[in-house]
Amino acid sequence: MGRRDDFLNKIKIRDELNRQSNHDFIDAVVPVAEIYVAEQIRKTFDDDSIKNLANSIKNEGLLNPVILHELSEDEYIYENGNIKKFRLVAGERRLRAIQMLGQGGIKARVKKFNNTRKIIITQIIENIQREDLSSYEKALGFYEILRAQWFDEAKVAPMVLIDKCLVQLNNIGKDDYPSSNDLAEDGIDNLGLSLRTVLQYLKLLSYPEQVLDIIKEGSKIGPRIAEDFYPYRNEPIIPSVFLKYEKGDLDSKGMQQILSKLRETNKAKSEYPKEVRIYQKMKTISKQLDSFLDRNLKYRDKEKVLEEILTVESKIEELKKRLL
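Residue numbers (the working numbering): 243 to 566.
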């Protein structure tokens with residue numbers, strides 16, 4: 243891109259953004275060197291995939307422009323001797339392919355977003371709609387949308403935010419909680435997914451780190467399985483079960499059989515009588531009796547008091563028999 247064309251293009255972008263409302267995008271060719279890439283949902287990129295995309299762009303051109311947010315002057319980022327005047331919202335693979343081809347400019351749809359939250363949400367929605375994202379990456383996308391929408395707690399642990407998101411989603415429509423319209427406003431509803439599906443994805447992120455490592459590396463553990471095994475996610479058997487399923491050593495039928503066994507075991511546990519820590523309980527009772535003996539006793543009906551004492555004595559005798 244020549245300097246004159248570069249200058250004219252910048253004037254065009256500035257004028258168009260000033261003329262149009264904040265809800266509209268404009269089409270432009272933007273210098274690659276001026277684009278800042280923040281962290282995206284997709285953490286890793288396949289080199290062969292980028293090469294194939296670069297060849298496609300070389301032969302057919304870039305059919306789908308990247309989406310950019312134009313930064314204000316006080317937001318410019320200085321990096322490697324370049325002034326970054328635009329922030330990438332969606333299209334990092336396309337940008338990398340253009341860089342691989344050595345092209346100086348890239349077709350873009352540019353918008354001046356109202357706030358960072360809107361940028362994050364638009365970025366995530368664009369990425370979630372891609373078919374090549376794993377279930378884990380999509381789950382992270384939903385989590386980031388809800389975090390941006392409902393919370394401003396960057397220092398809170400991800401698991402805490404996930405739990406809060408689950409509470410929020412379970413209580414939608416109730417007093418003091420977001421309505422489904424709030425979701426539609428920021429894009430979850432527009433993805434054509436039910437709230438149950440969003441919950442399933444978030445539950446996937448609620449598994450212990452050891453299980454999450456298996457989910458990240460694999461491709462079979464999806465939101466449906468995450469929801470089915472969610473009540474048993476902390477069971478010691480889960481890592482080996484998920485690993486076997488990922489490796490193909492366990493099929494869907496086998497997973498359902500294990501799930502049934504976990505449900506039966508859990509049901510049996512719930513039917514067991516609760517264990518009582520008798521020593522501490524008896525110690526408490528003994529202290530209470532001591533408090534009676536240390537004070538002057540007051541009573542209205544001596545017969546009733548004696549009757550209760552006999553009842554207590556009877557129960558103590560029963561406990562002694564069980565212990566002996």
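Cβ atoms here follow ideal geometry from the backbone N, Cα and C, with glycine treated the same way.
Same chain, Cβ closer than 6 Å to residue i, five either side skipped, listed in chain order
i: isoleucine 558; result: none
i: valine 554; result: none
i: glycine 460; result: Glu488
i: threonine 202; result: Here the chain comprises residues numbered 243 to 566, so residue 202 is not present and cannot be evaluated.
Inter-residue Cα distance where the pair is residue i and residue j
i: arginine 266; j: arginine 351; result: The sequence as given places aspartate at residue 266; arginine does not occur at that position. Between aspartate 266 and arginine 351, the C-alpha separation is close to 9 Å.
i: glutamate 276; j: leucine 313; result: 10 Å
i: proline 481; j: isoleucine 299; result: 42 Å
i: glutamine 442; j: lysine 509; result: 23 Å
i: valine 279; j: isoleucine 367; result: 17 Å
i: glycine 346; j: leucine 337; result: 11 Å
i: serine 502; j: lysine 563; result: 39 Å
i: methionine 497; j: proline 473; result: 15 Å
i: asparagine 297; j: aspartate 269; result: 23 Å
i: glutamate 545; j: tyrosine 521; result: 30 Å
i: isoleucine 319; j: leucine 446; result: 36 Å
i: lysine 354; j: lysine 326; result: 15 Å
i: aspartate 470; j: valine 409; result: 18 Å
i: glutamine 530; j: leucine 565; result: 22 Å
i: glutamate 334; j: valine 308; result: 8 Å
i: aspartate 288; j: glutamine 341; result: 15 Å
i: threonine 507; j: isoleucine 292; result: 49 Å
i: tyrosine 385; j: aspartate 316; result: 30 Å
Expected contact under 8 Å - CB spacing of residue i and residue j to nearest Å
i: isoleucine 500; j: phenylalanine 484; result: Not quite, the Cβ-Cβ distance comes to about 10 Å (not below 8 Å), so this is no contact.
i: leucine 310; j: leucine 330; result: 6 Å
i: leucine 295; j: alanine 339; result: 4 Å
i: arginine 475; j: proline 450; result: 7 Å
i: isoleucine 457; j: tyrosine 378; result: 5 Å
i: isoleucine 348; j: valine 272; result: 6 Å
Interface flag, residue i vs chain C, CB-CB below 9 Å
i: isoleucine 299; result: Within the model displayed, chain C is absent; a lone protein chain is all it includes.
Strand pairing of residue i, partner residues [DSSP]
i: glutamate 312; result: Phe328
i: isoleucine 268; result: Val352
i: proline 273; result: Gly347
i: tyrosine 278; result: Arg329
i: isoleucine 319; result: Lys326
Same chain, Cβ closer than 7 Å to residue i, five either side skipped, listed in chain order
i: leucine 572; result: The question about residue 572 has no answer here: the residues shown for the chain are numbered 243 through 566.
i: glutamate 549; result: none
i: arginine 542; result: none
Same chain, Cβ closer than 8 Å to residue i, five either side skipped, listed in chain order
i: valine 453; result: Arg475, Ile480, Pro481 and Phe484
**Any alpha helix (DSSP H) of 4 or more consecutive residues that is wholly inside the region 321-363** = Taking 4 residues as the shortest admissible run, the region 321-363 contains the following complete alpha helix (DSSP H) segments, listed from N- to C-terminal end: 334-343.
**Item:** Complete runs of the alpha helix (DSSP H) confined to the region 523-563 [at least 4 residues]
**Value:** As far as the region 523-563 is concerned, it has no whole alpha helix (DSSP H) run of at least 4 residues.
**Asked** What beta strand (DSSP E) runs, 3 residues minimum, are completely inside the region 435-471?
**Response** Listed in chain order, nothing qualifies, since the region 435-471 has no complete beta strand (DSSP E) run of 3 or more residues.
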